[in-house]
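**Q** The numbering used here puts the first residue of the sequence shown at 41, with every later residue one more than the last.
Let me begin by handing over the structure; questions about it come next.
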Amino acid sequence: MLNKSFIWMSLFLVLPQILGILLAPTYQEMGMQAFSDPNNPINPLYYIFMLIIVTAFILVLVKIGLENVLRYLLIFAISVSFLLVLYPVFWYSIPIADYEGCIIIDIPYIITSLLTLACIGILLWYPEWYIVNLIGLVSAVGIIAILGISLGILPTFIILLALAIYDAISVYRTKHMIALADAVTKMKIPVLLVVPKKRNYSYIAQEGITKEIESGEREAMFMGVGDVVIPGVLAVSSYVFLPQYATRFGIPANVLTALCVILGIYCGFVVLMYFVSKGRPQAGLPFLNTGAILSYILAYITIYKNFTLGLI
């Protein structure tokens, strides 16, 4: 199992979650929380409702043959998210030109806009796997950070459990997630991370994944960006919302808990890859979210020495 594809996919899973933790304070400083009350248990329901609506919308457009329209709509949405993700980074590191408190030139916004246009332009012109991965991973980092600062521990538990169940149903029962993955593969949209198994692999030439699944022969490994984002939200939420007192290891308790969550996610990933190696498509979130939640529970009880789990 420890081949290059596995190692690269491991990095694609772990690095965005670590970077999401590092960026969370900057996003908080800019007030980028999606919800005013992060501990409201109703918050995840809005996200889940929107996910179901968007998924249904995508499948309907694919069904009626409007893939090109859908592709440009999704690229526009990705452009907006890319802009939102990158702007805080440049805002934090590059000064804004102002005069007596009035902004004259928003240099970070200009740089972010140009970079976004360049990346989307390259994606449209040459959607090879490394371009798709770059945009998908950058977007994942920002989304992890934004959702992590927007959802407290209880809402995060709710969304992880709900989406794990939804993912299992959509892959094993209705199978519409496989149809969705096949559609976005054909459209070359950065919502799947791609790791080639062959040196001469071309994502541009990839027509879809359905035939590969049926034949059992795969030229690349695929993982949804959502499989990186959703479990990673618990790591950021742990870092942001848990108390920060020092532990015997010299690491703040919230940081140590967040790192334990990432370790748990990775353990879930290893189990997931074992089943993927058997040749059948697998729902990622049941494995990854379970690893995240179990490791959080174990870490919280061990570090904070109580059974409230930070839920109250």
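Idealized CB from N, CA, C, for every residue including glycine.
Measuring CB to CB, does I249 end up less than 8 Å from I115?
**A** Going by C-beta atoms, I249 is not nearer than 8 Å to I115.
**Q** So what does DSSP say about G350, is it helix, strand or coil?
**A** Note: G350 maps to coil in three-state DSSP.
**Q** Going by beta carbon distance, what residues of the same chain come within less than 8 Å of S212, once the five residues before and after it are set aside?
**A** Reading the sequence as shown, one finds Tyr at residue 212 and not Ser. So the qualifying residues of the chain are A323.
**Q** Kindly give me the distance between the Cβ atoms of I61 and V276, rounded to whole angstroms, as I take these residues to be in contact under 8 Å.
**A** Yes, I61 and V276 are in contact; Cβ-Cβ is about 6 Å, under 8 Å.
**Q** Am I right that F122 and I175 are in contact with their C-beta atoms under 8 Å? What's the rounded C-beta distance?
**A** Correct: roughly 7 Å between the Cβ atoms.
**Q** Just verifying my parser: in three-state terms, what is the DSSP assignment at F75?
**A** Note: F75 maps to coil in three-state DSSP.
**Q** Less than 8 Å between the beta carbons of S50 and Y306, yes or no?
**A** For S50 and Y306, yes; Cβs fall inside 8 Å.
**Q** Helix, strand or coil: which one does DSSP assign to F262?
**A** Strand at F262.
**Q** DSSP three-state label for A293, please.
**A** Residue state, collapsed to three classes: helix.
**Q** Roughly how many angstroms lie between the CA atoms of A117 and A158, to the nearest whole one?
**A** When rounded, the distance between both Cα atoms is 15 Å.
**Q** With contact counted as at least three CB pairs below 8 Å, one residue from each stretch, are the segment 295 to 314 and the segment 325 to 338 in contact?
**A** Flag = yes, the segment 295 to 314 and the segment 325 to 338 touch.
**Q** Candidates N294, V280, A185 and K318: which alpha carbon is nearest P56's?
**A** Considering only alpha carbons, the answer is A185.
**Q** With a 10 Å radius around its C-beta and 16 neighbouring C-beta atoms as the bar for buried, classify F197 as buried or exposed.
**A** Classification of F197: buried, given that the 10 Å Cβ count is 16 or more.
**Q** In the DSSP assignment, the alpha helix (DSSP H) including L233 goes from what residue to what residue?
**A** Looking at the DSSP string, L233 is not in any alpha helix (DSSP H); the run it does join, the beta strand (DSSP E), is L232 to P236.
**Q** Could you round the C-beta distance between A221 and L232 to whole angstroms and report it? I think they count as a contact, below 8 Å.
**A** Their Cβ separation, rounded to whole angstroms, is 6 Å, which keeps A221 and L232 in contact under 8 Å.
**Q** Within 10 angstroms of its Cβ, does N294 collect 16 or more other Cβ (buried), or is it exposed?
**A** Its Cβ being crowded by 16 or more others within 10 Å, N294 is buried.
**Q** In whole angstroms, what separates the C-alpha of M41 from that of Q68?
**A** Residue placement at M41 is poorly supported in this model, since its pLDDT is 45, which falls under 50; the coordinates still yield a value, given next. Cα to Cα, the separation comes out at about 39 Å.
**Q** What does the alpha-carbon distance come out to for the pair Y170 and V234?
**A** One C-alpha to the other measures close to 8 Å.
**Q** How long is the line joining the alpha carbons of P167 and I341, rounded to whole angstroms?
**A** Cα to Cα, P167 sits roughly 46 Å from I341.
**Q** Quick one, which of L155, W165 and L191 has its alpha-carbon nearest P84's?
**A** Answer by Cα proximity: L191.
**Q** Mark D207 as exposed unless 16 or more other C-beta atoms lie within 10 angstroms of its C-beta, in which case mark it buried.
**A** Under this definition D207 is a buried residue.
**Q** From the DSSP output, in three-state form, read off I93 for me.
**A** It is helical.
**Q** Cutting at 7 Å between CB atoms, please list the residues of its own chain near K238, excluding the five before and the five after it.
**A** The answer, listed in chain order, is E259.
**Q** When you compare only the Cα positions, how much space is there between G269 and L110?
**A** Here residue 269 turns out to be Val, not Gly, going by the sequence shown. Going from the Cα of V269 to the Cα of L110 covers about 22 Å.
**Q** By how many angstroms is the C-alpha of C300 removed from the C-alpha of S352?
**A** Inspection of the sequence shows that residue 352 is occupied by Ile rather than by Ser. Approximately 21 Å between the Cα atoms of the pair.
**Q** Can you give me the Cβ contacts of L282 inside the same chain, cut-off strictly under 7 Å, excluding the 5 residues immediately before and after it?
**A** If we look at L282 and ignore the five residues flanking it on each side, its Cβ neighbours are A293, N294, T297 and G350.
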